[in-house]
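J.: Here it is, the structure, as structure tokens.
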Amino acid sequence: MKRLFIFAALLLSAMLTWNLNASDRYTLLDLMGSAKPYPAPDSLLTHPDSLQAVMINHVGRHGARFPASDERAMTLLDILQKAEKAGTITPTGRMLLELTYNVVMYSTGRWGTLDPLGMAEQRGIASRMRETYPQLFDDGTVTAISSYVPRCIMSMYSFTHELASINNHIDISTNSGRVNSPLMRPFDLNKEYVDYRKDGSWKPVYDSYFDSHAPANPIIRAIGADYPIDRKQAQ
């Protein structure tokens, strides 16, 4: 029996996924950041006829999600509402206020969860994998694991559910939780990294970069030049 082992490491950190045959179509800016959707390739991956796939080791991040929390949206909503009350808000600010309000309303109760696009992304990856290597999925075995994060678990389930929908003869096992943290979230357990985050030696470099690269003008164009706000708050 041919066996398929899939190691679905669904990380919070952003990992890059693209079609190796067409990788030059995507720039770093296209792929960076956890808010970017997975790029769907125009064609399936191919390999020389002399090679035969014997297993797949798939490592991916969770699919598209709602905003991780309401903190930033509510902060923006609060300052825009105050600018509106103060009478300094601009037409641009009013449009931003409506947009921010809609984001909050639509995301309430869903903060950080996998959204329909994220589920579709995972299904797409699974279906393309099955189409590219059908011989591996005949009576194959899929082993999938994820971290304890709900959107990662749902990504894993969306992925494996698509495989089962295509061929219900596949044996699929899934596992999630902190037991997988050494592989799924190693940054939580790496003592050197944790200590580095705590000692704050990185902060002056970060603050310097932030001060020189984070513009204050965009929010001022929204709340109005007469709204009382300092540059740090605007950034």
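The sequence shown begins at 1 in the numbering used here and counts up by one. We treat Cβ as the ideally placed atom computed from N, Cα and C, and that holds for glycine. Quantities reported herein were computed from a predicted structural model and do not represent experimental measurements.
For the alpha helix (DSSP H) that N217 lies in, which residues bound it at each end?
T.: Note, N217: alpha helix (DSSP H), 217-223.
J.: Buried or exposed for D138, going by 16 or more other Cβ atoms inside 10 Å?
T.: Classification for D138: exposed.
J.: If we ignore side chains and look at the alpha-carbon of each, how far apart do R110 and P91 end up?
T.: The alpha-carbon atoms of R110 and P91 are separated by roughly 29 Å.
J.: Short check: CB of F159 to CB of A120, under 7 Å?
T.: Going by C-beta atoms, F159 is not nearer than 7 Å to A120.
J.: Please return the same chain residues whose Cβ sits closer than 6 Å to the Cβ of G177, not counting the five positions on each side in sequence.
T.: If we look at G177 and ignore the five residues flanking it on each side, its Cβ neighbours are Y148.
J.: Which whole-angstrom value describes the C-beta separation of M95 and S146, a residue pair presumed to lie in contact below a C-beta threshold of 8 Å?
T.: With 8 Å as the limit, M95 and S146 do not qualify as a contact, their Cβ atoms being about 38 Å apart.
J.: Applying the 10 Å Cβ sphere with the 16-neighbour rule, what's the burial state of F187?
T.: The residue is exposed, with fewer than 16 neighbouring Cβ atoms inside 10 Å.
J.: Specify, as a first and last residue, the run of the beta strand (DSSP E) that N175 falls within.
T.: Here the beta strand (DSSP E) through N175 covers 171-176.
J.: Could you say if the stretch 211-224 and the stretch 65-75 meet the contact criterion of at least three C-beta pairs nearer than 8 Å?
T.: Contact between the stretch 211-224 and the stretch 65-75 is absent, because fewer than three Cβ pairs lie under 8 Å.
J.: What residues in its chain sit with their C-beta under 7 Å from that of T88, if we drop five residues either side in the sequence?
T.: Once the five neighbours on either side are set aside, the close Cβ partners of T88 are I223, G224, D226, Y227.
J.: Three-state secondary structure (DSSP) at I79?
T.: DSSP places I79 in helix when its eight states are reduced to three.
J.: Can you check whether the CB of A83 is closer than 7 Å to the CB of V103?
T.: Cβ atoms of V103 and A83: not closer than 7 Å.
J.: Using the C-alpha atoms, what's the distance from A53 back to N168?
T.: Approximately 21 Å, taken between the alpha carbons.
J.: Taking only three categories from DSSP, how would you classify I145?
T.: It is a strand residue.
J.: Enumerate in chain order the residues of its own chain whose CB-to-CB distance from A216 is below 6 Å, with the five nearest sequence positions on each side excluded.
T.: Hits under 6 Å: R231, A234, Q235.
J.: Rounded to whole angstroms, what is the Cα-Cα separation between L16 and D42?
T.: Confidence is the limiting factor: at L16 the pLDDT is only 31, short of 50, which leaves the residue's position unreliable, though a coordinate-based value still follows. For L16 and D42, the distance between alpha carbons rounds to 17 Å.
J.: Under the three-state reduction of DSSP, which class applies to V59: helix, strand or coil?
T.: Strand, per DSSP.
J.: Could you say which of H213, P204, M55 lies nearest to T132 if we only look at CA atoms?
T.: Of the listed residues, the one whose Cα sits closest to T132 is M55.
J.: Of all the alpha helix (DSSP H) runs that stay within the bounds of the stretch 68-143, which reach a length of 4 or more residues?
T.: Entirely contained in the stretch 68-143, the alpha helix (DSSP H) runs reaching 4 residues are, in chain order, 71-86, 91-107, 116-132.
J.: From the DSSP secondary-structure annotation, give me the bridge partner or partners of R65.
T.: R65 is bridged to L114.
J.: Taking S208 as part of the alpha helix (DSSP H), name the residues at either end of that continuous run.
T.: Unbroken alpha helix (DSSP H) run through S208: 203-213.
J.: When the Cα atoms are used, what is the spatial distance from S107 to V59?
T.: So the alpha carbons of these two residues sit roughly 28 Å apart.
J.: Would you identify the three-state DSSP class for V194, choosing helix, strand or coil?
T.: Three-state DSSP puts V194 in a helix.
J.: Taking C-beta to C-beta, are I166 and V142 nearer than 7 Å?
T.: Not a contact, by the Cβ cut-off of 7 Å.
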